[in-house]
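If you want the working numbering, it's the 1-based position in the sequence shown plus 4. Backbone N, C-alpha and C fix where the C-beta goes; we use that ideal spot for every residue, glycine too. Worksheet: the structure to be examined is printed underneath.
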Amino acid sequence: MSEGVLNERFEQFLERRIPPSSSITLSQSNVFIFPTKTGFVFGFFIALLIIGAINYQASLVFGLAFLLGAMLMVTILYTFRNLSGLRLELAESRPGFVGEDVQFSVRVVRPSGRGREGVQLGWPGSIRQWAELADKEADVVRLYVRGSHRGWLDPGRLLIETYYPLGLLRAWTWVDLNARALVYPKPIFENLPRFTSGRRDEGVLVDPLGSDDFTDIKAYTRGDPIKHVIWRSYARSDGRDLQVKRFTSYQEPRLWLRFDDVQGDTEARLQRLTGMALRATREDREFGLELPAMNVRLQPGIGEAHLETVLRELALYGR
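This is the structure in structure tokens:
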């Protein structure tokens, strides 16, 4: 049977045995225990002592073998007890960017009584952390998972394990706390435009060539576009009065981040828009967002709350 099939069946077994929940209490039904390599060597040594004691009729060797066997039995109870009764719940998840570590905070609560030692938590492929429960009844453990792609990050099942007290046995479990966090596109930083064009009532008046917002008529001067000349007026004046139409535009101090205005494929455009949003927030620029394909139009705003809303739309674009 292939490894993939075994993993799939094990996942199905965990789904039945330990269903997903935002708060899980560890007990006999969801904690597994098995000897470590050291534990197997320890058991083999006990077996050798018993065989030697039978062969040589050595009472002291029998006593030593039974003492070590009793120690192993007691260790089983203590190892299981170190996890039994612990309650785990997701306290917080923070968003991050692609390629960075995304933070999850897991709250671990032990029942009243003696403390618990040597309890480790961690997701596959991440660094495991210790839960400090020797002198306090609850601890918040911060765990980190690498964000490999934008959108929602589901780290999967969380491993909780202990080798307490002697390292002869390992007690562990896999729990699903319904944890997920939002991963933003990896930012590409580029210079922001100082202004963008806007409507007549939205900005400061300027006079760039090529604008299509008519404002008044003025006398022709060298360099004015020929297409703006009022030829009808010129004909009426018998060629003495050459006038041109004057067009104006208005500078929009607010910045619009538009998907169609940046270069690259979809991911590159989202990365550039992410960098522009971060830079605009850092420079206290008011900015809005337009994603035509998703019918998203966020009105210009400023501040961290507005930035989070923009980054969320960019992270979930097309998802």
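Counterpart residues of residue i in DSSP-defined beta bridges
i       : result
Gln-133 : Leu-125
Ser-97  : Phe-108
Glu-165 : Gln-124, Trp-176
Thr-29  : Arg-91
Gly-292 : Trp-260
Tyr-188 : Phe-101
Val-113 : Arg-91, Ala-142
Ala-223 : Gln-247
Proximal residues to residue i (C-beta, below 8 Å), its chain only, five neighbours per side dropped
i       : result
Glu-308 : Thr-285
Met-298 : Glu-317, Tyr-321, Gly-322
Leu-311 : Ala-281, Leu-282, Thr-285
Gln-267 : Arg-273, Arg-276
Nearest-angstrom Cβ-Cβ length linking residue i and residue j, presumed shorter than 8 Å
i       : j       : result
Glu-104 : Gly-151 : 6 Å
Ile-164 : Leu-87  : 7 Å
Leu-181 : Val-106 : That pair is no contact at about 15 Å.
Leu-302 : Gly-155 : Between Gly-155 and Leu-302 the Cβ distance is about 19 Å, and since that is not below 8 Å, they are no contact.
Leu-173 : Ile-80  : 6 Å
Thr-278 : Pro-189 : 5 Å
Gly-171 : Thr-40  : 6 Å
Val-65  : Gly-56  : 6 Å
Trp-260 : Glu-287 : The Cβ separation is near 15 Å, so there is no contact.
Leu-30  : Gly-89  : 7 Å
Gly-47  : Leu-18  : With a Cβ gap of about 28 Å, Gly-47 and Leu-18 do not count as contacting.
Gly-119 : Ala-135 : Between Ala-135 and Gly-119 the Cβ distance is about 11 Å, and since that is not below 8 Å, they are no contact.
Phe-101 : Pro-191 : 7 Å
Start-to-end residues for the alpha helix (DSSP H) that takes in residue i
i       : result
Arg-316 : 308-319
Val-300 : Element bounds for Val-300: not the alpha helix (DSSP H) but the beta strand (DSSP E), 300-305.
Leu-282 : 270-286
Beta-carbon proximity list for residue i, same chain, < 7 Å, skipping 5 on both sides
i       : result
Leu-68  : Leu-53
Val-179 : Ile-22, Ile-28, Leu-92, Arg-161, Leu-162, Ile-164
Asn-34  : Arg-21, Ile-22, Thr-177
Pro-24  : Asp-180, Asn-182
Ser-130 : Leu-147, Tyr-148, Val-149
Ser-26  : Glu-93, Leu-94, Leu-181, Asn-182
Segment limits, beta strand (DSSP E) that includes residue i
i       : result
Ser-88  : Run containing Ser-88: none; DSSP gives neither H nor E here.
Ile-37  : 36-39
Arg-150 : 142-150
Leu-246 : Per DSSP, Leu-246 belongs to no beta strand (DSSP E) and is neither H nor E.
Leu-157 : 155-157
Residues of its chain near residue i, where Cβ-Cβ distance is below 6 Å and the 5 sequence neighbours each way are ignored
i       : result
Gly-214 : Low per-residue confidence applies at Gly-214: pLDDT is 43, beneath 50, and the placement is therefore not dependable enough to give any value.
Glu-290 : Arg-258, Pro-304, Ile-306
Ser-109 : Ala-95, Glu-96, Val-144, Arg-146
Leu-72  : Ile-50
Arg-132 : Gln-124, Gly-126
Arg-111 : Glu-93, Ala-95, Val-144
Glu-141 : Arg-114
Thr-166 : Asn-86, Leu-87, Gly-122, Val-123, Ala-175
Gly-292 : Trp-260, Leu-302, Gln-303, Pro-304
Leu-315 : Tyr-188
is_contact[residue i, chain C] using C-beta, thresh 8 Å
i      : result
Met-77 : No chain C is part of this structure, which consists of one protein chain only.
### Task
Within the segment 44-92, note down every full beta strand (DSSP E) run reaching 3 residues or more, in order along the chain.
none
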